[in-house]
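**Student:** Below is a structure I'd like to ask you about.
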Amino acid sequence: ILITGASQGIGKATAIEASKANMFVGINYNQNSNAADECLEAVKAAGGDGIILQCDVADSKAVKTMFSKFLEKTGSIDAVFNNAGITGPISPIQDLDPAELKVLIDTNVSGAFFVAQESARAMIAQKYGAIVNMSSIAADIGGGGEFVHYAMSKGAIHSLTYGMAKELGKYGIRVNAVAPGLIDTEIHAKAGDASRVDRLMPSVPLGRVGGADEVAKTVMWLLSEDSSYISGSIVPVTGGR
Numbered sequence: 008i009l010i011t012g013a014s015q016g017i018g019k020a021t022a023i024e025a026s027k028a029n030m031f032v033g034i035n036y037n038q039n040s041n042a043a044d045e046c047l048e049a050v051k052a053a054g055g056d057g058i059i060l061q062c063d064v065a066d067s068k069a070v071k072t073m074f075s076k077f078l079e080k081t082g083s084i085d086a087v088f089n090n091a092g093i094t095g096p097i098s099p100i101q102d103l104d105p106a107e108l109k110v111l112i113d114t115n116v117s118g119a120f121f122v123a124q125e126s127a128r129a130m131i132a133q134k135y136g137a138i139v140n141m142s143s144i145a146a147d148i149g150g151g152g153e154f155v156h157y158a159m160s161k162g163a164i165h166s167l168t169y170g171m172a173k174e175l176g177k178y179g180i181r182v183n184a185v186a187p188g189l190i191d192t193e194i195h196a197k198a199g200d201a202s203r204v205d206r207l208m209p210s211v212p213l214g215r216v217g218g219a220d221e222v223a224k225t226v227m228w229l230l231s232e233d234s235s236y237i238s239g240s241i242v243p244v245t246g247g248r
């Protein structure tokens, strides 16, 4: 399995779950090499093994090189979790800096597309594989007041997932997405509001925030044969939000 944005949060949790399932893990990161090292240590502690792959997914050539390095090591690729993404800053729509929007789109939309492209190329040649894209419930609820830009980028992931599933099914490739809701990771603090989880928790019908491991287990289910007839689905992991 190759996981983009694997050094922290849901990506790291999925790397650990994959290692428990005896999968060799490609751990992609962009900037935080220490976090990537810690993820590899956690993978090994869980009984698995992996390789660290530095790459900014917004760079199409770097994505191509990353896949080549992974395939040189493994020879094949059973699964991809197309997870790397950013929220951008919390901002009302009228105040967002266009430069911030460009960085967001380069990572969340172009980056996800480049990873999808290379996943498709490798898996078409194999005639099998499973891909899970990282979306968000924000695509459905709109992110009004804080994250319209982020929600818009995740709407693109919904479309990417539907289109890929239709296009790649004939090659035996399944494509789905997870759409998390309020999950307890460091992404909220990075966006500038570390208290966001506590503030929004009353909006969750189950009455609690979700864990990164709960999303990771859903990703692993979608990548496994237990979901062998599921493709083109967006699976909410939201506590009913």
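The sequence shown begins at 8 in the numbering used here and counts up by one. Glycine is no exception: its CB is placed at the ideal position from the N, C-alpha and C atoms. This structure is a prediction, so every number in the text was calculated from the model and none was measured.
#1: Taking a contact to mean a Cβ-Cβ separation below 8 Å, would you say V122 touches V64 in this structure?
#2: Hey, quick one: how far does the alpha helix (DSSP H) through P105 stretch, first residue to last?
#3: Do L229 and I237 have their beta-carbon atoms positioned less than 8 Å apart in this structure?
#4: For I100, count neighbouring C-beta atoms within 10 Å of its own C-beta (all shown protein chains included) and say buried if the count is 16 or more, exposed if not.
#5: Do I241 and T168 count as a contact pair if the criterion is CB distance below 8 Å?
#6: Is it the case that the Cβ atoms of I164 and A119 are separated by a distance below 8 Å?
#7: With contact counted as at least three CB pairs below 8 Å, one residue from each stretch, are the segment 184-191 and the segment 218-226 in contact?
#8: So, are the CB atoms of G95 and V182 less than 8 Å apart?
#9: Which partner residues of Y178 appear in the DSSP bridge assignment?
#10: Please say whether N90 and M141 have beta carbons closer to each other than 8 Å?
#11: What is the DSSP secondary structure of M30, reduced to helix, strand or coil?
#12: Are V50 and D56 close, meaning C-beta to C-beta below 8 Å?
#13: Taking the beta carbon of A145 as the centre, do at least 16 other beta carbons fall within 10 Å, making it buried, or is it exposed?
#14: Would you mind sorting E153 into buried or exposed? The rule is 16 or more other CB atoms within 10 Å of its CB.
#15: C46 and I34 look like a contact to me (Cβ under 8 Å); what is the Cβ gap, rounded to whole Å?
#16: Quick one: Cα of I180 to Cα of G162, how far?
#17: Which runs of the alpha helix (DSSP H) fall wholly inside the segment 104-176 and span at least 4 residues, in chain order?
#18: From A13 to N39, what does the alpha carbon distance come to, in whole angstroms?
#19: What is the rounded straight-line gap between the Cα of L207 and the Cα of V244?
#20: So what's P209 in DSSP terms, helix, strand or just coil?
#21: Indicate whether A53 and K27 have their beta-carbon atoms separated by less than 8 Å.
#22: Looking only at its own chain, which residues have a Cβ that is under 7 Å from the Cβ of I10, when we skip the five neighbours before and after it?
#23: Do A127 and A86 come within 8 Å of each other at the CB atom, strictly closer than that value?
#24: Can you say whether N115 is buried or exposed, counting buried as having 16 or more other CB atoms within 10 angstroms of its CB?
**Tutor:** A quick look at the data gives this:
#1: In this structure, V122 lies near V64, with their beta-carbon atoms less than 8 Å apart.
#2: Where P105 is concerned, the enclosing alpha helix (DSSP H) stretches over 105-112.
#3: Result yes, Cβ atoms of I237 and L229 sit closer than 8 Å.
#4: It counts as exposed.
#5: Yes.
#6: Against a cut-off of 8 Å, the Cβ pair of A119 and I164 comes out as a contact.
#7: Taking 8 Å as the limit for Cβ pairs, the verdict is that the segment 218-226 does touch the segment 184-191.
#8: In this structure, V182 does not lie closer than 8 Å to G95 by Cβ.
#9: Looking at the DSSP assignment, Y178 forms no beta bridge with any residue, so it has no partner.
#10: The answer is yes: Cβ separation under 8 Å.
#11: Three-state result, M30: coil.
#12: Yes, they are a contact pair.
#13: That one is buried.
#14: That one is buried.
#15: About 5 Å separates the two Cβ atoms, so the contact holds.
#16: Going from the Cα of I180 to the Cα of G162 covers about 22 Å.
#17: List check, alpha helix (DSSP H) in window: 105-112, 119-133, 145-148, 155-175.
#18: Approximately 10 Å between the Cα atoms of the pair.
#19: Taking the straight line joining both Cα atoms gives about 16 Å.
#20: Helix at P209.
#21: In terms of Cβ geometry, A53 and K27 form a close pair [threshold 8 Å].
#22: So the list reads G18, T21, A22, V32, G33, I34, N35, F88, N90, once near-sequence residues are dropped.
#23: Not a contact, by the Cβ cut-off of 8 Å.
#24: Buried, because 16 or more other Cβ atoms sit within 10 Å of the Cβ of N115.
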